[in-house]
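The listed protein sequences derive, respectively, from chains A and B.
If you're matching positions, the first sequence starts at 6 in my numbering and goes up one per residue.
If you're matching positions, the second sequence starts at 181 in my numbering and goes up one per residue.
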Amino acid sequence: MSTNLTRRTILSLPLGGLAASTLGARFAWSAAEPIKIGLVAALSGPSAKSGEGITRGLTVAIDEINSRGGVLGGRTIELVRRDDESNPAKGQTAARELIDKEGCAVLFGGIDSPVSLAIVPLANSAKVPFMGVWAAATNITRNNSNPNYIFRVSAVDVLVDKALIKYATSRFGSKSPGLILVNNAWGDSNFSGLTAAAEAAGIKLAASEKFEDKDVDMTPQLQRLRAAGADTLILVGNAAPGAQVIKSLQRSAWSVPIVSHWGISGGRFPELAGSWAGKVHFVQTYSFFGQQSDIGKKVLAALMAKYSDIKGPGDVSPPVGVANAYDAMQLTALAIAKAGSTDGAAIRDGYLGIDNYKGLIKDYAKPFTDANHDALNENDYVMVRYNGEQIEPVTG
Amino acid sequence: MLGTALISGFGLGSIYGLIALGFTLTFSVSGTVNFAQGSSVMLGAVLCHVLFVGMHWPFVAAAFLALLGCALWGLVVERIAVRPFVARGSNAWLMATVALGILLDNSVMALFGKEPRALPSSLADEPWVIGNMGVFPLQIVIPIVALGVAGLVHIGMRRTSLGLKLRAAVENPNAARLMSINVTRLIALTFAAAALLAGIGGILVAPLFNVAYDMGTLFGIKAFAVAILGGLTNPWGVVLAGLAYGLVEAFATTWLGSSSTQMVTFAVVIAALALTPSGLFGGKVLARV
């Protein structure tokens with residue numbers, strides 16, 4: 006067969022070659038283009054330590070994922086962080102920027118439930134999966150949206166509340182716990198959960214009091230709880246106001262057992278609360294103390310190698326932020342791999358399609374289903390307390 | 181509960197009174213106030229923390245230098261945000277003092293950080309226990325210091341030549357100028373004193389609370405409400421209004437619950453001002469026509 010090289014054919018050769026090489030370059034660039042993962046969390050302010058913990062957990066997981074070749078045929082994961090300053094409006098703005106400007110495939114959230122609750126409708130309408138790794142308000146994942154793009158590897162208030170009531174009754178023999186809750190959506194979420202949990206446990210709450218983030222003196226609220234006959238206190242609040250509760254308790258010379266949600270571990274609680282900080286027993290999802298699995302050993306070694314201030318398990322603070330973020334990132338990589346693309350709807354289906362993952366906190370079996378977007382449950386909680394600056398499991 | 185509410189109310193109330201006294205000083209002499217008085221509260225606490233905790237200075241030396249810093253800050257506020265506007269007959273000092281306060285808060289945020297820090301004190305560690313009530317020694321010290329400082333201000337105004345000059349400037353600034361009294365310098369001094377009083381408040385309250393770049397905002401707002409309530413030009417009235425405000429706040433929290441604290445307290449302030457527009461202890465303003 007003869008080949009007739011016309012002028013048009015000759016002219017088209019370099020153009021075709023150019024187009025092919027451009028497409029090839031484009032394809033190669035696309036294959037190497039990092040997949041951006043956004044984090045909207047408190048990176049400054051009273052809960053800054055929570056943001057740092059989450060960052061460290063994500064970073065260690067991302068390093069691992071990238072070192073084994075990334076996802077989607079060699080694309081690395083890149084973390085893009087924004088500070089929400091614990092402010093829902095700032096969190097929403099940051100989330101919008103991460104979706105629209107940065108093109109993040111998945112967003113991760115921080116410690117503050119009000120911030121996460123502000124991002125939930127945005128993520129659902131933009132069809133970008135949002136992964137909660139700390140904020141525990143029940144309605145973050147149970148938000149009545151269909152399809153629901155919100156997932157979580159963290160505690161859930163309604164389950165934590167059951168665990169807190171159970172701990173108060175079993176450890177301290179509490180028959181009449183008093184609630185001292187932060188006056189925001191997170192406090193409200195826990196008020197409902199703790200009331201229901203107390204009813205289910207067959208005990209009656211003595212009373213419930215609220216406090217503001219900037220309250221200086223909480224002795225009046227504590228006196229009301231004391232007068233109402235509270236035999237244990239259940240605290241829900243972040244580090245700085247939580248510390249004010251404990252200082253006010255110390256000031257009142259009221260030696261009552263204190264069981265707390267985990268918000269206090271997101272900041273400088275031991276420094277701010279002073280000598281009574283160790284009296285507070287609080288919930289976490291993971292402890293780096295004690296016998297560790299192979300993954301636990303690997304993550305701890307990676308943290309110690311990467312961060313000079315981590316010399317041992319006690320320096321991983323707050324452990325909950327690190328552990329939840331680590332497992333959530335690994336699950337997200339599996340979801341993206343299953344999705345085969347960075348399309349939000351496909352990644353959502355990817356999360357729902359994960360069968361098994363041997364993680365840091367536990368071995369996950371079908372962690373997410375249509376009915377349940379929370380990978381952790383009440384069997385995954387451990388009770389801890391501060392020993393100086395370190396968080397240790399409660400023993401004895 | 182009554183005892184706890186009284187201690188809590190007197191403690192915080194005397195802090196409010198101390199900060200509000202600063203408003204009284206400057207308003208009496210110059211007809212202007214530093215609306216960023218809350219920032220001076222924060223500055224005192226932050227400087228004391230930096231020197232005492234960060235640089236391990238002895239507490240007394242740290243507090244002294246922190247208060248000196250506050251006084252200098254007061255001079256800066258007067259020179260930059262008040263004097264130029266008053267000289268032109270403008271009321272823009274209202275906004276200028278607020279803006280300068282925001283500038284200070286944000287500068288401190290950048291330098292000191294956003295995380296609240298603790299200012300440890302042996303007076304706020306082990307409570308004294310009386311019956312089933314506990315009280316930190318600092319909670320007793322605060323009203324004593326606050327009332328003592330208010331007393332010193334009173335004596336200073338009545339018994340010293342500087343006080344005499346100040347009173348002369350209050351009565352008739354033009355006549356005072358004719359008597360070779362440097363009214364401009366006196367006004368600057370009152371701004372320094374106002375910031376210093378706020379700094380004392382900040383250092384006193386920090387061990388009970390914490391030290392943060394934004395800690396002064398709420399104190400400043402409450403202190404201004406107290407100053408208006410007390411009559412603005414009446415030093416003892418302002419101090420008493422501070423105590424009253426603190427007590428109403430503590431009683432409202434104790435008996436009505438914390439969710440109603442701010443509502444009740446500010447409703448009481450509005451009601452009191454509706455009944456006595458010049459404040460509880462303010463004199464009637466006479467205007468020549």
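The beta-carbon is built from N, C-alpha and C at its ideal position, and this holds for glycine as well.
For clarity, every value in this text was computed on a predicted model and none was experimentally measured.
Self-check item: Chain-ordered neighbours of V309 of chain B on chain A, where CB pairs are closer than 9 Å
Solution: Locating residue 309 of chain B in the second sequence gives position 129, where the first residue counts as 1. Going along chain A in sequence order, the residues near V309 of chain B (Cβ under 9 Å) are A258.
Self-check item: Beta-carbon separation (whole angstroms), T184 of chain B vs Q228 of chain A, contact threshold 8 Å
Solution: Residue 184 of chain B sits at position 4 when you count from the first residue of the second sequence. Residue 228 of chain A sits at position 223 when you count from the first residue of the first sequence. 5 Å between Cβ atoms; contact.
Quiz item: Along chain A, which residues have their Cβ under 7 Å away from the Cβ of L192 of chain B?
Solution: Reading the second sequence from its first residue, position 12 is the one you call residue 192 of chain B. The contacting residues are V221, D222.
Exercise. Could you list which residues in chain B have their beta carbon closer than 7 Å to that of A232 of chain A, in chain order?
Key: Along the first sequence, read from residue 1 onward, the residue named residue 232 of chain A stands at position 227. Simply M181.
Quiz item: Between which two residues does the beta strand (DSSP E) containing M313 of chain B stretch?
Solution: Walking along the second sequence from the start, residue 313 of chain B turns up at place 133. Note, M313 of chain B: beta strand (DSSP E), 313–315.
Self-check item: Residues bridged to K215 of chain A [DSSP beta-bridge criterion]
Solution: Reading the first sequence from its first residue, position 210 is the one you call residue 215 of chain A. Paired residues: A:L186.
Quiz item: What is the C-beta distance between T277 of chain B and V257 of chain B, in whole angstroms, given that I count them as a contact (C-beta under 8 Å)?
Solution: Within the second sequence, numbered from 1, the residue matching residue 277 of chain B stands at position 97. Within the second sequence, numbered from 1, the residue matching residue 257 of chain B stands at position 77. Contact flag correct, Cβ pair sits at about 6 Å.
Quiz item: Pick from A:P93, A:V250, A:V327: whose alpha carbon is nearest that of L406 of chain A?
Solution: Absent from the model: residue 406 of chain A. The displayed extent of chain A is 6 to 401, so no value can be given.
Quiz item: Can you tell which of B:L284, B:I187, B:G269, B:R297 has its C-alpha closest to the C-alpha of C228 of chain B?
Solution: The count along the second sequence starts at 1 and reaches residue 228 of chain B at position 48. Out of B:L284, B:I187, B:G269, B:R297, B:R297 has the C-alpha closest to the C-alpha of C228 of chain B.
Practice problem: Taking only the alpha-carbon atoms, compute the straight-line gap between W191 of chain A and L199 of chain A and give it to the nearest angstrom. | Solution: Working through the first sequence from its first residue, we reach residue 191 of chain A at position 186. Working through the first sequence from its first residue, we reach residue 199 of chain A at position 194. Each residue's Cα considered, the two are about 12 Å apart.
Self-check item: Proximity of P51 of chain A and I82 of chain A at Cβ, strictly below 8 Å
Solution: The count along the first sequence starts at 1 and reaches residue 51 of chain A at position 46. The count along the first sequence starts at 1 and reaches residue 82 of chain A at position 77. Going by C-beta atoms, P51 of chain A is not nearer than 8 Å to I82 of chain A.
Practice problem: Return the Cβ separation of A235 of chain A and P182 of chain A in integer angstroms, given the expectation that the two are a contact with Cβ distance under 8 Å. | Solution: Taking the first residue of the first sequence as 1, we reach residue 235 of chain A at position 230. Taking the first residue of the first sequence as 1, we reach residue 182 of chain A at position 177. Their Cβ separation, rounded to whole angstroms, is 6 Å, which keeps A235 of chain A and P182 of chain A in contact under 8 Å.
Quiz item: Under 8 Å between C-beta atoms, does N188 of chain A make it to chain B?
Solution: Indexing the first sequence from 1 puts residue 188 of chain A at position 183. True, the Cβ-Cβ gap to chain B drops below 8 Å.
Practice problem: Output the distance between the C-alpha atoms of I145 of chain A and S159 of chain A, rounded to the nearest integer angstrom. | Solution: Along the first sequence, one-based indexing puts residue 145 of chain A at 140. Along the first sequence, one-based indexing puts residue 159 of chain A at 154. Approximately 11 Å between the Cα atoms of the pair.
Exercise. Would you kindly work out how many angstroms separate the C-alpha atoms of D348 of chain A and A110 of chain A, rounded to a whole number?
Key: Against the first sequence, residue 348 of chain A aligns to sequence position 343. Against the first sequence, residue 110 of chain A aligns to sequence position 105. D348 of chain A and A110 of chain A: Cα-Cα distance of roughly 7 Å.
Quiz item: If you check the beta carbons only, do W267 of chain A and F287 of chain A fall under 8 Å apart?
Solution: In the first sequence, counting from the first residue as 1, residue 267 of chain A sits at position 262. In the first sequence, counting from the first residue as 1, residue 287 of chain A sits at position 282. In this structure, F287 of chain A lies closer than 8 Å to W267 of chain A by Cβ.
Practice problem: Just grab the DSSP bridge partners of I42 of chain A for me. | Solution: Taking the first sequence and counting its residues from 1, one reaches residue 42 of chain A at position 37. Partner(s): A:L84, A:V111.
Quiz item: In terms of residue numbering, what span does the beta strand (DSSP E) encompassing K363 of chain A cover?
Solution: Residue numbering aside, residue 363 of chain A sits at position 358 when the first sequence is read from its first letter. For K363 of chain A, the enclosing beta strand (DSSP E) starts and ends at 361–363.
Practice problem: Starting from the beta carbon of T184 of chain B, find every residue of chain A whose beta carbon is closer than 8 Å, and list them in chain order. | Solution: Locating residue 184 of chain B in the second sequence gives position 4, where the first residue counts as 1. Correct list: T224, P225, Q228, S257.
Quiz item: Would you say A471 of chain B and A386 of chain B are within 8 Å of each other, going by their C-beta atoms?
Solution: Because chain B spans 181 through 469 in this model, residue 471 of chain B falls outside it and cannot be assessed.
Practice problem: Express the C-alpha separation of K316 of chain A and M309 of chain A in angstroms, rounding to a whole number. | Solution: Locating residue 309 of chain A in the first sequence gives position 304, counting from the first residue. Locating residue 316 of chain A in the first sequence gives position 311, counting from the first residue. When rounded, the distance between both Cα atoms is 6 Å.
Exercise. Identify the continuous alpha helix (DSSP H) that holds Q395 of chain A and give its terminal residues.
Key: Numbered from 1 along the first sequence, position 390 holds the residue referred to as residue 395 of chain A. Taken as a continuous stretch (DSSP letters only), Q395 of chain A belongs to no alpha helix (DSSP H), being part of the beta strand (DSSP E) at 395–398.
Exercise. Counting only the same chain and skipping the five closest in sequence on each side, list residues whose C-beta sits under 7 Å from that of T206 of chain B.
Key: Indexing the second sequence from 1 puts residue 206 of chain B at position 26. Correct list, in chain order: T212, V213, N214, T370, F371, A374.
Quiz prompt | Run of the beta strand (DSSP E) containing H286 of chain A, from where it starts to where it stops | solution = Here residue 286 of chain A refers to the residue found at position 281 when the first sequence is read from its first residue. Taken as a continuous stretch (DSSP letters only), the beta strand (DSSP E) holding H286 of chain A covers 285–289.
Quiz item: Hey, is K316 of chain A's beta-carbon within less than 8 Å of any beta-carbon in chain B?
Solution: Counted from its first residue, the first sequence places residue 316 of chain A at position 311. No, no contact with chain B.
Quiz item: With distances taken from CA atoms, which of A:A232, A:P225, A:I239 is nearest A5 of chain A?
Solution: Limits of chain A in this structure are 6 at one end and 401 at the other, which puts residue 5 of chain A out of reach.
Exercise. Would you please verify whether the beta carbon of L277 of chain A is less than 8 Å from any beta carbon of chain B?
Key: Here residue 277 of chain A refers to the residue found at position 272 when the first sequence is read from its first residue. At least one C-beta of chain B is nearer than 8 Å to the C-beta of L277 of chain A.
Quiz prompt | Contact set between K345 of chain B and chain A, taken where Cβ atoms lie within less than 8 Å | solution = Walking along the second sequence from the start, residue 345 of chain B turns up at place 165. Correct list: empty, because the minimum Cβ distance to chain A is about 37 Å.
Exercise. Please list, in chain order, all residues of the same chain as V262 of chain B whose beta carbon is under 6 Å from its beta carbon, the five residues on each side excluded.
Key: Indexing the second sequence from 1 puts residue 262 of chain B at position 82. Exclusion of the five residues before and after V262 of chain B leaves T212, W273 as the residues of its chain whose Cβ lies within less than 6 Å of its Cβ.
Self-check item: Coil, strand or helix - I310 of chain B by DSSP
Solution: Reading the second sequence from its first residue, position 130 is the one you call residue 310 of chain B. Here I310 of chain B sits in strand by DSSP.
Quiz prompt | Delimiting residues of the alpha helix (DSSP H) encompassing D285 of chain B | solution = Here the question's residue 285 of chain B lines up with position 105 in the second sequence. D285 of chain B -> alpha helix (DSSP H) spans 273–292.
Quiz item: Looking at T204 of chain B and A356 of chain B, is the spacing between their C-beta atoms short of 8 Å?
Solution: Counted from its first residue, the second sequence places residue 356 of chain B at position 176. Counted from its first residue, the second sequence places residue 204 of chain B at position 24. Contact: no.
Self-check item: First through last residue of the alpha helix (DSSP H) which encompasses D222 of chain A
Solution: In the first sequence, residue 222 of chain A corresponds to position 217, counting from 1. No alpha helix (DSSP H) contains D222 of chain A, which DSSP labels as neither H nor E.
Quiz prompt | Bridge partners - M136 of chain A, DSSP secondary structure assignment | solution = Indexing the first sequence from 1 puts residue 136 of chain A at position 131. Partner(s): A:F113, A:F156.
Practice problem: Go through its chain and collect everything with a Cβ distance to P317 of chain B's Cβ below 7 Å, but skip five positions before and after it. | Solution: The residue labelled residue 317 of chain B in the question sits at position 137 within the second sequence. Cβ within range, chain order: L303, W308.
Exercise. Could you spell out where the alpha helix (DSSP H) holding Q329 of chain A opens and where it closes?
Key: One-based indexing of the first sequence puts residue 329 of chain A at position 324. Note on residue identity: the sequence assigns Asn, not Gln, to residue 329 of chain A. Taken as a continuous stretch (DSSP letters only), the alpha helix (DSSP H) holding N329 of chain A covers 324–344.
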